[in-house]
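Residue numbers (my numbering): 228 to 537.
Think of the CB as a built atom: it goes at the ideal place given N, C-alpha and C, for glycine as much as any other residue.
Right, dumping it as structure tokens:
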């Protein structure tokens, strides 16, 4: 394992006071470099959790539990009787639309809800109550409730909650102990956040994606689904929060972001949780961080100090 590959990255991170905890680099199927700024331990992955939810969907679709063009409303008729917000659009939202953040909401109802008083919101009810102001599949809105609905669909159709389903399908084959996955007030894994893994275990998942779903010769995730997930399904050109760099405006797949760096994509979570997949380099770079102010600078480190060395 190289002791030099990460020297420039580590020095630059220290100069910028970036609070990276762990970085792991895999290339050609091997762990080639790592640096632990702090001792490795399971860490909340925030929105990196979304990609695990997406891959559960890909597996479940392949197993025949449901289809990408199934309508979300058909899974949850019990929520529809109180919904008058753009009913026509609401009935058209598909699993595909959830995966690519194209449900049609203008805002994320999970972010809008007041959780400060310990309210136990039913996130599915929030999803269906939120006005659907765009035709599904036409407008990107970063929407935690959309990913949450995928977790609910997994539970409903497979009879197994998302964490248990992924343990059997992915975590166990990757020799990852069953992780903690924080639940919603109703007890379902959040889907959009809540998963806890170490950097090294997370890097194995990145390797699995790089290898199109194959691990030790076994196809765990359909390769065609990963190819679809890792390609642009919806434009993010209008996604312009204050933190957004060019890496946030290259398009979005199925719970995956496309990078400005050619032919690459990433898993992306708050405070600097990243798995950057570089197929042309046959490499995966994984970060666990606790960076409250400049998380996108961590992505930039990959381009400025590491990518050309791989």
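Give a yes or no on whether the C-beta atoms belonging to residue i and residue j are separated by under 7 Å.
| i | j | result |
| --- | --- | --- |
| residue 511 | residue 253 | yes |
| residue 475 | residue 326 | no |
| residue 284 | residue 377 | yes |
| residue 369 | residue 419 | no |
| residue 518 | residue 246 | yes |
| residue 255 | residue 509 | yes |
| residue 243 | residue 457 | no |
| residue 278 | residue 483 | yes |
| residue 425 | residue 267 | yes |
| residue 328 | residue 260 | no |
| residue 436 | residue 400 | no |
| residue 489 | residue 289 | no |
| residue 367 | residue 466 | yes |
Suppose you measure from the CA of residue i to the CA of residue j; what does that come to, to the nearest Å?
| i | j | result |
| --- | --- | --- |
| residue 330 | residue 362 | 8 Å |
| residue 365 | residue 477 | 16 Å |
| residue 455 | residue 341 | 35 Å |
| residue 352 | residue 359 | 14 Å |
| residue 270 | residue 337 | 22 Å |
| residue 438 | residue 349 | 37 Å |
| residue 445 | residue 396 | 11 Å |
| residue 335 | residue 231 | 43 Å |
| residue 382 | residue 415 | 8 Å |
| residue 453 | residue 398 | 17 Å |
| residue 308 | residue 515 | 43 Å |
| residue 413 | residue 432 | 28 Å |
| residue 443 | residue 402 | 11 Å |
| residue 500 | residue 506 | 19 Å |
| residue 339 | residue 461 | 23 Å |
| residue 411 | residue 262 | 34 Å |
| residue 504 | residue 529 | 11 Å |
| residue 388 | residue 282 | 14 Å |
Can you tell me the Cβ-Cβ gap for residue i and residue j, rounded? I've got them flagged as a contact below 8 Å.
| i | j | result |
| --- | --- | --- |
| residue 236 | residue 533 | 5 Å |
| residue 322 | residue 301 | Not a contact, Cβ separation roughly 10 Å. |
| residue 502 | residue 393 | Going by Cβ atoms, the distance from residue 502 to residue 393 rounds to 16 Å, so no, they are not a contact pair. |
| residue 472 | residue 250 | Wrong, their Cβ atoms sit about 19 Å apart, outside the cutoff. |
So, is residue i buried or exposed, given that buried needs 16 or more other C-beta atoms within 10 angstroms?
| i | result |
| --- | --- |
| residue 491 | buried |
| residue 305 | exposed |
| residue 324 | buried |
| residue 470 | exposed |
| residue 495 | buried |
| residue 347 | exposed |
| residue 464 | exposed |
| residue 531 | exposed |
| residue 440 | buried |
| residue 406 | buried |
| residue 287 | buried |
| residue 487 | exposed |
| residue 272 | buried |
| residue 291 | exposed |
| residue 265 | exposed |
| residue 357 | buried |
| residue 240 | buried |
| residue 421 | buried |
Let me know the alpha helix (DSSP H) ranges lying completely inside the segment 449-504, each 4 residues or longer, listed in chain order.
450-456, all fully within the segment 449-504.
Along the chain, which unbroken stretches of the beta strand (DSSP E) at least 3 residues long are found entirely within the segment 252-324?
257-263
Could you give the uninterrupted runs of the alpha helix (DSSP H) lying entirely in the segment 312-400, keeping only those of 4 residues or more?
314-317, 322-326, 336-339, 350-356, 371-385, 389-393
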